[in-house]
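Visitor: Counting in the working numbering, the sequence shown runs from 181 upward without gaps.
By construction, the Cβ of each residue, glycine as well, lies at the ideal position given by its N, Cα and C atoms.
Every value quoted in this text rests on a predicted model; they were computed, and no experiment measured them.
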Amino acid sequence: MSQNPVRIAPSILSADFSALGHEIEAVTEAGADWIHVDVMDGHFVPNLTIGPVVVKALRKHSKQPFDVHLMVTPVDALVPAFADAGADVISFHTEAGPHVHRTIQLIKSFGKKAGVVLNPSTPLSAIEYVLGDLDLVLVMSVNPGFGGQAFIDSQVRKIAALRKAIDALGKPIDLEVDGGINPHTARLCIDAGADVLVAGTAVFGGGSGGYAANIKALRG
Ligand code: DX5
Ligand code: ZN
181 MSQNPVRIAP SILSADFSAL GHEIEAVTEA GADWIHVDVM DGHFVPNLTI GPVVVKALRK
241 HSKQPFDVHL MVTPVDALVP AFADAGADVI SFHTEAGPHV HRTIQLIKSF GKKAGVVLNP
301 STPLSAIEYV LGDLDLVLVM SVNPGFGGQA FIDSQVRKIA ALRKAIDALG KPIDLEVDGG
361 INPHTARLCI DAGADVLVAG TAVFGGGSGG YAANIKALRG
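What follows is the structure, given as structure tokens:
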């Protein structure tokens with residue numbers, strides 16, 4: 181298995197929104213490898229969060245890569261603004277297109293890493309013909325829209341199948357999982373072949389004194 185080292189990406193969706201700059205500094209200090217930013221449009225998903233202006237303002241609070249998860253449709257018109265705001269990885273849902281291959285090329289044209297997100301019901305076949313163009317695949321282990329939901333077990337099988345497909349290609353494509361990650365589900369995902377774990381509640385729950393221990397507990 182050519183899994184990359186495990187990286188933990190705290191989702192700032194569960195941070196204190198009145199102090200996001202401080203929260204990002206605290207979680208970076210605590211050992212976060214990436215900063216996961218959930219962008220929701222109140223249309224593709226039933227929640228509304230932050231836009232590129234906020235991402236740009238937050239960018240200076242950490243040197244770690246910003247992993248921007250776009251839950252917006254249509255997606256292409258917003259890609260330039262998030263690239264300019266300082267995103268390092270930009271991921272979008274296959275359903276948010278309408279043209280998945282075009283959006284991947286658009287993200288790459290800004291020199292950013294391109295990721296595609298698979299909802300719990302989205303089959304692997306949705307990315308069969310673009311897998312080799314991707315830097316990252318994100319498996320949703322909850323339905324997108326909210327933090328604090330329960331992990332959907334069926335996604336472990338999808339992670340394992342994706343690990344096989346990535347290894348067969350022989351490219352260092354990151355395999356990320358998002359939703360319901362805690363020390364127990366983190367272990368299931370790592371064992372199935374995941375190498376980037378997003379966690380909101382499990383990192384930010386309980387106050388900043390616990391961030392370092394919370395991140396460490398997810399590394400397995
Ligand atoms: C859900 C978001 C997740 C969410 C994870 O739409 O994509 O990143 O914040 O939250 P937890 O870790 O609490 O499930
Ligand atoms: Zn996310």
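Would you say the beta carbon of I191 comes nearer than 6 Å to a heavy atom of ligand 1?
Guide: For the record, residue 191 in the displayed sequence is Ser; it is not Ile. Correct: S191 has its Cβ closer than 6 Å to ligand 1.
Visitor: Give the DSSP-derived three-state secondary structure of E205 in the structure shown.
Guide: E205: helix per DSSP, three-state reduction.
Visitor: Count the other CB atoms within 10 Å of the CB of F197; is the residue buried (16 or more) or exposed (fewer)?
Guide: So F197 counts as exposed.
Visitor: Cβ of I361 within 6 Å of any heavy atom in ligand 1?
Guide: Checking every heavy atom of ligand 1 against the Cβ of I361, one is found closer than 6 Å.
Visitor: What's the C-alpha gap between T208 and M320?
Guide: One C-alpha to the other measures close to 24 Å.
Visitor: Starting from S191, follow its DSSP beta bridges and name the residues at the other end.
Guide: BP columns for S191 point to H216.
Visitor: Tell me the DSSP secondary structure of G295 in three-state form.
Guide: Three-state result, G295: strand.
Visitor: Per DSSP, F272 forms a beta bridge with which residues?
Guide: For F272, which the question treats as bridged, DSSP gives the partners L250 and V296.
Visitor: Mind checking whether the beta-carbon of D218 lies closer than 6 Å to any heavy atom of ligand 2?
Guide: Yes; taking the cut-off as 6 Å, the Cβ of D218 has a heavy atom of ligand 2 nearer than that.
Visitor: Using a Cβ-Cβ cut-off of 7 Å (strictly less than) and excluding sequence neighbours within five positions of A366, which residues of its own chain qualify?
Guide: Same-chain partners within the cutoff: L377, L398 and G400.
Visitor: Under 7 Å between the Cβ atoms of L314 and I353?
Guide: Going by C-beta atoms, L314 is nearer than 7 Å to I353.
Visitor: Does any heavy atom of ligand 1 sit closer than 6 Å to the C-beta of A265?
Guide: The answer is no for A265.
Visitor: Suppose the cutoff is 6 Å on Cβ atoms and the five residues either side in sequence are ignored; what does the same chain contact list for K288 look like?
Guide: Result list for K288: A294, in chain order.
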